[in-house]
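Notes for the one structure printed next.
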């Protein structure tokens, strides 16, 4: 075999090998970008759902006449909002209610915490999400002291 | 050289997809936030669905979403808002559809 022909073939083989190596790097990179978008998209959507549930729970709490009733109303509102949206939390959502004072014009603060599942197939772990909302306690009601 | 010829277009496409995806995600979040606000407003006792629909349309339009369609369904138990539209793409003719769904328990008046 001619030595120059052998050299050309060797160089062509090297080029082909480096193209394959490049694809081996690039294809997983593209898949990684797509999976990353899916993961962060799902987490972002879940975080928005929790914030929405907190807003609904704060509104429900602000309409009650006592702190005990507010806690029940906030928990029920957060649970029904999350379940109606098809969002599941491991162990159920945790709802905490605090108020500056249970009187008309006071401010009630509700925090909803939810452990959202990750994407187990790619080893993305679950993440704790929380949302906080505030609402003014209703002026036009009687209150239990 | 051959590697660069193969890799550069792929790299450019990956970067383009990344930026386009980030913009799409922002528009999806804006649509979702608008739907959440609208469903919270429509679910309030005595509030009309029309005002909530107008609110959702206004918020989605301010986020740059076009071809907006919003439906508000106020039931005895839940108020549901569905919104959709198209988000402008980085290049002309590459707009992507976005949609949002929000549910809020309907408020009732108890004596």
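Protein chains in written order, with this note's numbering: chain A, 28 to 172; chain B, 540 to 650. For glycine and all other residues, C-beta sits at the position ideal for the given N, C-alpha and C. Since we're looking at a predicted model, the values are computed, not measured.
Query: The beta strand (DSSP E) enclosing residue 143 of chain A, as first and last residue numbers; Result: 134-143
Query: Beta carbon proximity, residue 64 of chain A to chain B, threshold 8 angstroms; Result: yes
Query: Minimum Cβ-Cβ distance from residue 57 of chain A to chain B less than 8 angstroms; Result: yes
Query: Member of B/590, B/583, B/558 and B/548 whose CA lies at the smallest distance from the CA of residue 648 of chain B; Result: B/583
Query: Nearest neighbour of residue 591 of chain B, chosen from B/550, B/608 and B/545 [CA to CA]; Result: B/608
Query: The region 622-639 of chain B / the region 562-574 of chain B touching (three or more Cβ pairs under 8 angstroms); Result: yes
Query: Exposure of residue 633 of chain B, with buried meaning 16 or more beta-carbon neighbours within 10 Å; Result: exposed
Query: Where residue 120 of chain A falls: helix, strand or coil (DSSP); Result: coil
Query: Members of the region 111-143 of chain A that neighbour chain B once the beta carbon cut-off is set at 7 angstroms; Result: 111 and 112
Query: Residue 141 of chain A versus residue 550 of chain B: straight-line alpha-carbon distance, rounded; Result: 38 angstroms
Query: Cutoff 8 angstroms: residue 598 of chain B Cβ touching any chain A Cβ; Result: no
Query: Minimum Cβ-Cβ distance from residue 592 of chain B to chain A less than 8 angstroms; Result: no
Query: Spatial neighbours of residue 112 of chain A in its chain, beta-carbon cut-off 7 angstroms, leaving aside the 5 residues before and after; Result: 76
Query: Start-to-end residues for the alpha helix (DSSP H) that takes in residue 596 of chain B; Result: 588-601
Query: Under the three-state DSSP convention, the category residue 645 of chain B falls into; Result: coil
Query: First through last residue of the beta strand (DSSP E) which encompasses residue 127 of chain A; Result: Per DSSP, residue 127 of chain A belongs to no beta strand (DSSP E) and is neither H nor E.
Query: Short Cβ contact (8 angstroms threshold) for residue 580 of chain B with residue 639 of chain B; Result: no
Query: Residue 130 of chain A beta carbon near the ligand ZN (any heavy atom closer than 7 angstroms); Result: Questions concerning the ligand ZN fall outside what the structure shown contains, since it holds no ligand whatsoever.
Query: The region 546-575 of chain B: positions lying closer than 8 angstroms to chain A by Cβ; Result: 546, 549, 550, 553, 556, 557, 560, 564, 567, 568, 571, 572 and 575
Query: Outcome for residue 612 of chain B when other beta-carbon atoms lying within 10 angstroms are tallied against a minimum of 16; Result: exposed
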